[in-house]
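Worksheet: the structure to be examined is printed underneath.
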Amino acid sequence: MSKYYDRKDIYICLYFKELSTSLTNLIDELIGEILTLGFNSRKNTLVRALAPICVGLLRAVHKGSGRYAYRPMATADFTGMPVSHGPFKSAMDGLIALKYVTVKEGCKPAVPSPGNPARTNRYRPTSKFIALVGKHGIKPAEWKEHFEPLPRPKEVAKPILLRTESPWIDYGKGRKIKRPKDSMAVSLTDPFAVVEGGRVNELNAYFAAQDIQPAYLLGGFQRIFSDGDKPGFNWNVGGRLYNIGGGYQQEDKKTRLAMTINSEPVVEIDIRASHLTILHALKKEPMPAGDPYEGTGYPRAIVKSWVAMTLGHDKLPGNKWSPSAKKAYAKKQCDIRQRGGFFQFFCESVCKARCLQKFHPMSEVGPNIAPHFPILDDWATSPWRWGDFQFLESNAVIDAVHHLAMVHDIPALPVHDSLIAPKSQQAIVEQVLSDMFLKHVGVRV
């Protein structure tokens with residue numbers, strides 16, 4: 001089954017066990033009901049499965065807005081996990097049969113469309129489940145009090161993943177959607193995959209020994225490459241280090257800065273305009289001093305979004321903002337939404353992210369911003385694309401993370417174009433990141 005899901009959905013991480021008496025009683029009641037259905041699973045294996053399932057369901061309820069919990073269900077996705085495929089499936093099937101959970105079966109249309117994208121299995125807790133946890137005195141907002149994270153894995157079964165290209169499909173009238181990427185097999189004897197997989201699991205072993213809180217925000221790392229089906233592929237597209245299930249990498253900056261590493265407060269060290277900097281370096285043109293997104297007459301967030309949208313496509317933007325740009329604006333920058341209450345409801349449910357195009361129409365914004373970025377004048381014919389930038393960036397970031405861990409014993413968590421590190425180590429982390437950027441890109445940051 002494919003692994004596609006909504007970013008807002010909650011990943012069911014298997015590294016949890018029950019902690020409170022209330023949760024133990026809840027799980028015992030669920031197991032009693034599930035076993036009456038005739039599922040062929042032992043009680044102890046169901047306990048190990050139900051604890052993380054309940055975490056995912058409670059987090060989905062806590063996050064609100066009708067969110068789902070999700071978990072890829074291929075047998076291979078359970079390799080090396082504390083819960084195996086059989087007990088997880090029995091537990092989830094039991095919850096579905098007992099109407100504690102509804103399921104949207106995974107699907108992968110031959111030709112996905114805006115109204116019919118590919119999905120993995122997604123699970124939504126019902127009012128019956130919410131009533132049951134309430135009976136046991138468990139509040140979704142207090143889910144952390146009832147669970148204990150298991151030790152992080154020292155290695156993951158698939159440290160290197162490979163995906164196909166994700167081309168745009170045009171449905172006319174400005175409606176486009178990216179065809180979801182397919183997984184590709186990675187040879188166990190591929191020299192690059194063996195070496196890089198070893199490095200990724202070396203980092204997994206290192207971070208497993210660190211006290212990173214909240215613990216549930218960090219699982220294990222995988223390095224994911226793209227465009228493996230394109231002629232000439234040589235492990236040179238994408239390559240970022242991803243935390244399995246998203247975790248801290250999908251949280252907002254405020255949440256990330258509230259984390260601690262070995263009981264120390266953290267700092268997030270950003271690479272300034274990473275992809276734009278790499279493009280300047282590849283073209284051997286100096287990056288202008290100062291903030292590249294200031295001085296255009298438009299809000300910084302609008303300019304940054306325009307640049308990101310451009311670098312993510314093969315030509316300058318047309319007359320409309322991309323769906324992701326509109327959603328990001330509605331969530332973070334829209335003045336109407338920031339008023340809260342009814343205005344937030346209006347923005348999310350009625351306006352549906354149309355405010356960016358309304359307040360900053362692309363037909364006006366684009367022609368006025370473009371002259372401030374002459375580096376993009378020949379973008380339509382540029383030999384470099386997002387995957388090239390991401391690959392160089394990922395090499396610099398991963399080398400920095402590995403060097404800091406193995407040479408300096410400093411844990412620094414990657415967020416693609418930034419690092420989260422103990423505040424007391426900020427200076428050395430900045431120096432190492434700059435050194436690695438110079439090594440792979442040719443310029444310092």
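First residue of the sequence shown? That's 1 in full-length UniProt numbering, and the numbers climb one at a time after it.
Cβ atoms here follow ideal geometry from the backbone N, Cα and C, with glycine treated the same way.
Around the beta carbon of Asp9, 16 or more other beta carbons sit within 10 angstroms, so the residue counts as buried. Bounds of the alpha helix (DSSP H) holding Asp399 are Trp386 to Met406. The three-state secondary structure of Tyr248, taken from DSSP, is helix. Contact between the region 179 to 195 and the region 253 to 265 is absent, with fewer than three C-beta pairs closer than 8 Å. At the C-beta level, His440 and Arg199 stay beyond 8 Å of one another.
For Lys43, the CB contacts under 8 Å within the same chain, skipping 5 residues up- and downstream, are Ile31 and Leu35 in chain order. Counting the other CB atoms within 10 Å of its CB gives Asn262 a total below 16, which places it among the exposed residues. With respect to Lys423, Val186 sits apart: the two C-beta atoms are not nearer than 8 Å. A contact is defined here as three or more CB-CB pairs under 8 Å, and the region 232 to 251 fails this definition with respect to the region 271 to 287. Per the coordinates, the alpha-carbon of Ala325 lies some 38 Å from the alpha-carbon of Ala131.
The region 151 to 164 makes no contact with the region 52 to 59: fewer than 3 CB pairs, one atom from each, lie closer than 8 Å.
Beta-carbon to beta-carbon, Thr45 and Pro87 are separated by about 4 Å, close enough to satisfy the 8 Å threshold. The residue among Thr21, Glu148 and Glu264 with its C-alpha nearest the C-alpha of Cys13 is Glu148. For Gln210, the secondary structure class from DSSP, reduced to helix, strand or coil, is coil. For Arg124, the enclosing beta strand (DSSP E) covers residues Arg122 to Pro125.
Secondary structure note for Phe225: its beta strand (DSSP E) is the uninterrupted segment Phe221 to Phe225. In the three-state DSSP reduction, Thr36 falls in the coil class, being neither helix nor strand.
It is roughly 15 Å from the alpha-carbon of Lys358 to the alpha-carbon of Ser305. Its chain contains Thr126 and Lys128 as the residues whose beta carbon lies nearer than 8 Å to that of Lys99, once the 5 sequence neighbours on both sides are disregarded; these appear in chain order.
A check of alpha carbon separations from Glu33 across Phe373, Ala273 and Leu95 identifies Leu95 as the nearest. The region 200 to 207 makes no contact with the region 362 to 377: fewer than 3 CB pairs, one atom from each, lie closer than 8 Å. In the three-state DSSP reduction, Phe359 falls in the helix class (H, G or I).
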